[in-house]
Amino acid sequence: MKDTDLSHLSWDDWDEHHNPRPEAPEFDAVVETALSRRGFIGSVLAFGSGAAVMGVGSLLSSTSAEAQAAGRFAFTPIPIQTDATVHVPEGYRWSVLARWGDPLFSDAAPDLDQATGGDLASSDRVFGENTDGMELFNIGGRQVIAVNHEYVNKDVNLPASGGDVASAEDVRKLQNLQGVTVMEVAQGEDGWQIVVDSPFNRRIHHNTETRIAGPAAGDPLLQTEADPEGMTALGTLNNCGSGRTPWGTYLTCEENFNGYFGSTDADFELPADYARYGIGHEGRYAYEVHDARFDVSQTPNEPRRFGYVVEIDPANPDSRPVKRTALGRFKHENAACAVARDGRVVVYLGDDERGEYLYKYVSNGYYQPGGPTDHLLDDGTLHVARFDTDGTGEWVALTPEATGMSEVEICVLTRQAASAAGGTTMDRPEWVAVNPIAVEGYCALTNNSRRAPGWTNAGGDLVEPVSGSPNPRAENRYGQIVRWFPSNDDHAANLFRWDLYVMAGNPGVHADANAGSGNIHQGNLFNSPDGMQFDSAGILWIQTDGDDSNEDGFAGMGNNQMLAGDPETGEIVRFLTGPQGSEVTGLTWSSDRRTMFVGIQHPGAPFPDGEGRLPRSSVVAVWRDDGGLVG
Ligand code: FEO
Ligand code: CA
Ligand code: CA
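If you use the working numbering, the sequence shown corresponds to residues 18 to 648, in order.
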């Protein structure tokens, strides 16, 4: 493949390489005049003042994690690491639950072939690559995890060819290693293991039949020669974050779907709506060369059948996944559900792209436990978030009146609708999480290296730093977490108040806004918040996907990690560190809350099998020595 040398790029960087945005003019400095307004940002203006007066009492009085008071956390925070394994606090232990290539069925190869990365026949019978969002379901007392496999690492998964995707068989193998695994897990004498051959075990991949539902189902925009009715799509692509519905189904979110499509005809004129979504002439894995469905010169409507939230019933292995077009089409990160006061279903959704938007879906129908649910994610209204600098905001409904677009167009070309409605361009919305014990939502804005005066997104919307907004910093390398408090304590409300829960930064290196907010100190340095889940006690768990060079502006941050945050005090402490090169992403708990499952994606080192072995994305189980609760 032409861009083999780019195979180590993150999806985000790959997109930047293939879809460069216009250069923005030079920017001097952000004058952070309005940051002192609220929350734990309270004293962020004391940049450079080591003994800053923080809004959270003695939060900064210590400079070492180990010396931190335990607060609400039942563990002693850990230091950073730069090594090739996982670390957890004293009194906790971890083991590997599942690695790429581990059999889900006994007819798969029992061990991963280190020379080939596994054969084609086994590739849809094993745990897939690049584990990401996951949720555990208690199905009749059995523990069933649904877990995403976001993308593949060509050089790791096709080691025999050095990552060259040379045949339809290579493509099919890569397609099989992505998507979703549903697997039963159980705790035995050897700890937590996959229950091989469980009737719940299932692989959903890039060729699994799915049903298209909601307003865009059957629309000519989604019709293809193979599916003239526009109702049945094959596969779900780039499954990133996750969600769970109140009725016990799994939501898998299609993120960088654009990168799978290309054109074998270099002169093929791309449809006008492709540009906003970054769909170009060259795909990342040569799918377009070996599988005509991904060659847009032959199947130009195929990309419009991806970029959705997909609902999967983990209790029914024969059920078809359902693409819920009412939740919009964009680079979906995850889907965080809440039930409004009147029973309507609310789903918060982020679009992970520089300068794109944060969304909320509100159903028209009402959720009744035990009642019908199939309509709840098909019939409702999408809204885009507008954050005002006075600390208030509004969810703006994406209606035909507000956007000048039809209902179907709003579902399929959602980015354009959000632009028309005047949403706030954000610093890459990653995971959204809803606090189970307070009516508030959180979104990780991971970073935005291109936020600068005069810069726009692909829709022409300005992506400038705005003092006093959720996106105040130019060339934002560290990221922040915004949260909102819906009016009337009702997730269906259109109005909200907001603040920044944390601005990551490095007070040891910077004396300006890049020092971070008041709840950042030498003991909890991190960058690029990404995955987030609340536990049942209302602790916010934060996972990172950032620069782990541990140098320069990232000195003192170490490998990617998982931290725990107290929403009430703002205190943030480090709980787990991942192996060098990995991203920590995906978090769920056993039903008894005595084990947490954490995803380790694309380790750079040969984790977990050791030197001379292929690196394998893994889910690890973490528990307390004393058997206590971990969430
Ligand atoms: Fe797949 Fe935006 O992370
Ligand atoms: Ca992510
Ligand atoms: Ca990320």
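Even glycine gets a Cβ: it sits at the ideal position worked out from N, Cα and C.
The structure presented is a predicted model; accordingly, all values stated were derived computationally and were not measured.
What do you get for Q131, buried or exposed, if any count of 16 or more other CB atoms within 10 angstroms of its CB means buried? exposed
Own chain, CB closer than 6 Å to I156, minus 5 neighbours either side, in chain order: A332
Considering only heavy atoms of ligand 3, list every residue whose Cβ is less than 6 Å from one of them, following chain order. E447, T463, D547 and D562
At the level of alpha carbons, what is the spacing between G11 and E201? One cannot answer for residue 11 here, as it falls past the ends of the chain, which runs 18 to 648.
Residues bridged to F502 (per DSSP): R514
Rounded C-alpha distance that separates R116 from W264: 29 Å
Rounded separation between R669 and F92 - CA only: Residue 669 lies beyond the residue range present for the chain, which begins at 18 and ends at 648; the question has no answer from this structure.
Let's test the definition: count the other Cβ atoms within 10 Å of the Cβ of Y383 and tell me whether it reaches 16, buried, or not, exposed. exposed
Could you tell me which of E186, W448, R467 and H349 sits nearest to V429, measuring between CA atoms? H349
Complete runs of the beta strand (DSSP E) confined to the segment 319-344 [at least 3 residues]: 326-329 and 339-341
Ligand 1 and D30: does any heavy atom of the ligand fall closer than 7 Å to the residue's C-beta? no
Unbroken alpha helix (DSSP H) run spanning P417, endpoints: P417 to T420
For G258, which residues in the same chain have their Cβ closer than 6 Å to its Cβ, ignoring the five residues on either side in sequence? G150, C270, E350, N351 and W448
Residues of its chain near P127, where Cβ-Cβ distance is below 8 Å and the 5 sequence neighbours each way are ignored: P120
Sorted by chain position, which residues of the same chain lie with C-beta nearer than 6 Å to I229's C-beta, five sequence neighbours on each side aside? M248, A250 and K340
Is it true that the CB of G533 sits closer than 8 Å to the CB of N523? yes
Hey, quick one: how far does the alpha helix (DSSP H) through N696 stretch, first residue to last? Given that the chain is displayed from residue 18 to residue 648, the structure contains no residue 696 and the question cannot be resolved.
Cβ of G297 within 8 Å of Cβ of N474? no
Hey, is C460 close to ligand 2, as in C-beta under 7 Å from one of its heavy atoms? no
Can you name the start and end residues of the alpha helix (DSSP H) that L191 belongs to? A185 to N193
Measuring only the C-alpha atoms, how far is T398 from G367? 16 Å
Contact defined as beta carbons within less than 8 Å: I believe V615 pairs with M579. What is the distance between those atoms, to the nearest angstrom? 6 Å
Go to W640, then tell me how far its alpha helix (DSSP H) extends in each direction, as first and last residue. That residue, W640, is in no alpha helix (DSSP H); its beta strand (DSSP E) goes S635 to R641.
Indicate, with yes or no, if ligand 1 has a heavy atom lying under 7 Å from the CB of D149. yes
Mind checking R293: buried by the 16 CB within 10 Å criterion, or exposed? buried
Three Cβ pairs or more, each shorter than 8 Å: is that satisfied between the segment 190-201 and the segment 217-225? yes
Regarding D564 and ligand 1, is the C-beta to nearest heavy atom distance less than 7 Å? no
Let me see if you follow: with CB-CB separation under 8 Å, is L631 close to chain C or not? The displayed structure is made up of one protein chain only, and chain C is not part of it.
If distances are taken between C-alpha atoms only, which option among V456, D236, D207 and Q98 comes closest to V356? V456
Quick one: measure Cβ to Cβ for N165 and L194, integer angstroms, because I've assumed they're closer than 8 Å. Their Cβ separation, rounded to whole angstroms, is 12 Å, which puts N165 and L194 out of contact at 8 Å.
When the Cα atoms are used, what is the spatial distance from T342 to H527? 44 Å
Is the number of C-beta pairs between the segment 585-602 and the segment 170-187 that are closer than 8 Å three or more? no
I'd like to check one pair, V364 with Y378: are the Cβ atoms closer than 8 Å? yes
Extent of the continuous beta strand (DSSP E) run through E411: T409 to A414
When burial is assigned at 16 or more other CB atoms within 10 Å of the CB, is V70 buried or exposed? Low local confidence applies: a pLDDT of 28 at V70 is under 50, so the model's placement there is unreliable, and no value is given.
Smallest Cα separation from A438: which of D407, R403 and G471? R403
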